[in-house]
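The sequence shown begins at 8 in this note's numbering and counts up one residue at a time. Every residue gets a Cβ at the ideal spot worked out from N, C-alpha and C, and that includes glycine. Here's the structure we're looking at; comments come further down.
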Amino acid sequence: QRRAFFPNGRPFYAFVPWWISHAVALAWTLGVRVERSPGIGRWTGFWLGGRYLRLAGLLHFRQELKQLRLDLFEHATFLKPIYLRVRGYYRGFTRRSGVDQLGSRWHKSFGDSGRRRKLVQRTRQKARKAAGKAIAPPGRFLLRAVRSLPLMQSRVIPWLVRQEIDEVPAGREVGLMRRELRRVERSRTPIIVGPWLSEVGFEVLYWIPFLNWAVKEFELGRDRLIVVSRGGAHCWYRDLAEHYVDVFDLVSVKQFRRRNEGRWQDGGNQKQMEVSDFDDHIVELVKERQGVKDVTVLHPSIMYRLLRYYWYEKGAISLLRKHAVYRKMPAVDVASIRTTLPKDYVAVRFYFRPSFPDTPENRALVGRFIRTLARRTPVVLLNPGLSLDDHEDFDPGIGMGVHKIDHLMTPTQNLEVQSAVIANAHAFVGTYGGLAYLGPFYGVPSIGLFSNEEELVATHLDVSRRLSRRLDTPLVTLDVREVAMVEMLFDTLDPDGQESTSPSESAVAATSSS
Numbered sequence: 008q009r010r011a012f013f014p015n016g017r018p019f020y021a022f023v024p025w026w027i028s029h030a031v032a033l034a035w036t037l038g039v040r041v042e043r044s045p046g047i048g049r050w051t052g053f054w055l056g057g058r059y060l061r062l063a064g065l066l067h068f069r070q071e072l073k074q075l076r077l078d079l080f081e082h083a084t085f086l087k088p089i090y091l092r093v094r095g096y097y098r099g100f101t102r103r104s105g106v107d108q109l110g111s112r113w114h115k116s117f118g119d120s121g122r123r124r125k126l127v128q129r130t131r132q133k134a135r136k137a138a139g140k141a142i143a144p145p146g147r148f149l150l151r152a153v154r155s156l157p158l159m160q161s162r163v164i165p166w167l168v169r170q171e172i173d174e175v176p177a178g179r180e181v182g183l184m185r186r187e188l189r190r191v192e193r194s195r196t197p198i199i200v201g202p203w204l205s206e207v208g209f210e211v212l213y214w215i216p217f218l219n220w221a222v223k224e225f226e227l228g229r230d231r232l233i234v235v236s237r238g239g240a241h242c243w244y245r246d247l248a249e250h251y252v253d254v255f256d257l258v259s260v261k262q263f264r265r266r267n268e269g270r271w272q273d274g275g276n277q278k279q280m281e282v283s284d285f286d287d288h289i290v291e292l293v294k295e296r297q298g299v300k301d302v303t304v305l306h307p308s309i310m311y312r313l314l315r316y317y318w319y320e321k322g323a324i325s326l327l328r329k330h331a332v333y334r335k336m337p338a339v340d341v342a343s344i345r346t347t348l349p350k351d352y353v354a355v356r357f358y359f360r361p362s363f364p365d366t367p368e369n370r371a372l373v374g375r376f377i378r379t380l381a382r383r384t385p386v387v388l389l390n391p392g393l394s395l396d397d398h399e400d401f402d403p404g405i406g407m408g409v410h411k412i413d414h415l416m417t418p419t420q421n422l423e424v425q426s427a428v429i430a431n432a433h434a435f436v437g438t439y440g441g442l443a444y445l446g447p448f449y450g451v452p453s454i455g456l457f458s459n460e461e462e463l464v465a466t467h468l469d470v471s472r473r474l475s476r477r478l479d480t481p482l483v484t485l486d487v488r489e490v491a492m493v494e495m496l497f498d499t500l501d502p503d504g505q506e507s508t509s510p511s512e513s514a515v516a517a518t519s520s521s
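Structural data, given as structure tokens:
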């Protein structure tokens, strides 16, 4: 400290008390000349200097009192016996009253700084709760009184509703989301976007539009982004990022299913609300594959935590509108599979899920649907023949006009192949959900069937309809019980049309025509 603070002169403690000089030297070395200790930081250096000043000053004051007592007893020797007697009485009183035991217990329980901090935190929490209980009743009364004022009813509250400031639950999450994205933007490391391990529907309908908004809003460079998804979904991110890593290039399908199902059990569902151990494991594998040590992760949980308020009807549709950009997906290269496809066809994929359960009625309906459709136009089945999630595909078998392409699909490119087939089709027909959302992004009309409306989320239906209007491409969601209504409508419009072999097949034909 002397060399750093007074290299060519007398030390500071030649002019002021030692404890002051050392505190000033410490603050100067760590707070001002911070380059000597960059790991500490300027403000921490000043804080250490102030703490040294306080503690050393108290020690100096105690030493001065002790020296004053010794000097007093040297000059007034008659006071020393009185002092010793009073000190004996005091120590006996503390032993009998338990003060020493209380002090030892206090030191044992809260002697170190960590325990004292916990005590202070618990005390603050209790005080905050007590204050909240005391303030809440009059606060609610005051709030009701203010809201009942004519000016609030006529002007202020309608303005708040228009500005959506009244959406208290989502407000905090919006702030946290923007803070996290600012942190990502300010970092100088590559950005891992993902890993996406959830459903196709949420990826297409929410995650990619959210990334479209985030990349534009926070000016995230394409060269910094490393998208991590699965199944060959890189074609969806081509205009967002220059780099893509497929999960199935890092782990086997068996490992993926086992680890992903473990993540579902831990989280209660497929949604990536939190960063799981599997997410961290994939990030480490991506870093090793890309040859980078430090990365910043833009995890899907930031989108899930924000939009859950809209999904659970705690926020308005503008929460999604303000934080998502819906646009057509980049074109898919279909040259490699064009020779295996008919010239004109309809893409079809039916699978069973809670909203379209595996029942004899649904199986019969789908079978008739595909057969009737195949008599009118070639049908290309998108069944991948892979067990990657909890969906079971319906296999109608091979028939006249039905084409299968499962031999073209592998774990690392099945979504790319399905996207290429849908993008080149006249229409897509299948179970309402993931792939049904994909059609409008390629300008392909789509029909999604369901049979159990209780398993559908109303907000997803609303977004799918808005998506259809936004991209100017039909996306029809149809309850299987409404097929007869469609049949009746077409019979009314075209009473001289060709009759189907059965009422059910007539309904299917009418639906496929629509």
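Counting only unbroken stretches of 3 or more residues, the beta strand (DSSP E) elements lying wholly within the segment 439-468 are 453-457, in sequence order. Around ARG266, the same chain offers PHE285 as residues with beta carbons nearer than 6 Å, after the five sequence neighbours per side are excluded.
Going by C-alpha positions, ALA83 is about 10 Å away from ARG76. The C-alpha of ASP413 is placed about 22 Å away from the C-alpha of GLN262. The Cβ atoms of GLY201 and ASN421 lie no closer than 9 Å to each other. With contacts defined by Cβ atoms closer than 9 Å, ILE233 and VAL302 form a contacting pair. The bridge partners DSSP lists for THR303 are ILE198.
The shortest C-alpha to C-alpha distance from ALA221 to any of ALA137, GLU295, HIS330 and GLU206 is the one to HIS330. Less than 9 Å separates the beta-carbon of THR484 from that of TYR439. A distance below 9 Å separates the beta carbons of VAL353 and VAL436.
Every beta strand (DSSP E) of 3 residues or more that sits fully in the segment 272-345 is shown, in chain order, as 303-305. Shortest Cα-Cα distance from GLY228 to any of ALA138, GLY52, GLU249 and VAL235 involves GLU249.
In the structure shown, the three-state DSSP call for GLY238 is coil. A distance of 9 Å or more separates the beta carbons of ALA432 and VAL409. In this structure, the alpha-carbon of ARG61 lies about 20 Å from that of ILE47. In terms of Cβ geometry, LEU389 and ILE454 do not form a close pair [threshold 9 Å]. Contact annotation: the segment 269-279 does not touch the segment 353-368, with fewer than three C-beta pairs closer than 8 Å. Taking the Cα of ARG360 as reference, the smallest distance to any Cα among PRO385, PRO391 and LEU456 is reached at LEU456. Looking at LYS87, GLU81, PHE217 and LEU463, the one whose alpha-carbon comes closest to that of ARG328 is PHE217.
Rounded to the nearest whole angstrom, the C-alpha separation of LYS140 and LEU149 is 15 Å. Your pair VAL304 and ILE199 checks out as a contact, with CB atoms roughly 5 Å apart and the cut at 8 Å. Within the same chain, Cβ atoms closer than 8 Å to the Cβ of ARG345 are found at ASN431, the five residues on either side in sequence being excluded. In terms of Cβ geometry, CYS242 and GLU489 do not form a close pair [threshold 9 Å].
Here ILE412 carries a coil assignment [DSSP, helix/strand/coil]. Taking all protein chains in view, the Cβ of SER259 is surrounded by fewer than 16 other Cβ atoms within 10 Å, so the residue is classified as exposed. For HIS250, the enclosing beta strand (DSSP E) starts and ends at 250-253. By the C-beta density criterion, SER161 is exposed, having fewer than 16 other C-beta atoms within 10 angstroms.
A Cβ-Cβ distance of about 15 Å is found for the pair VAL339 and VAL387, leaving them out of contact under the 8 Å criterion. Relative to LEU348, the option among PRO337, ALA465, LYS411 and TYR311 whose CA is nearest is LYS411. Contact check for LEU482 and ALA443: beta-carbon distance about 7 Å, within the 8 Å limit, so the pair qualifies. DSSP places VAL487 outside any alpha helix (DSSP H), giving it a letter other than H or E.
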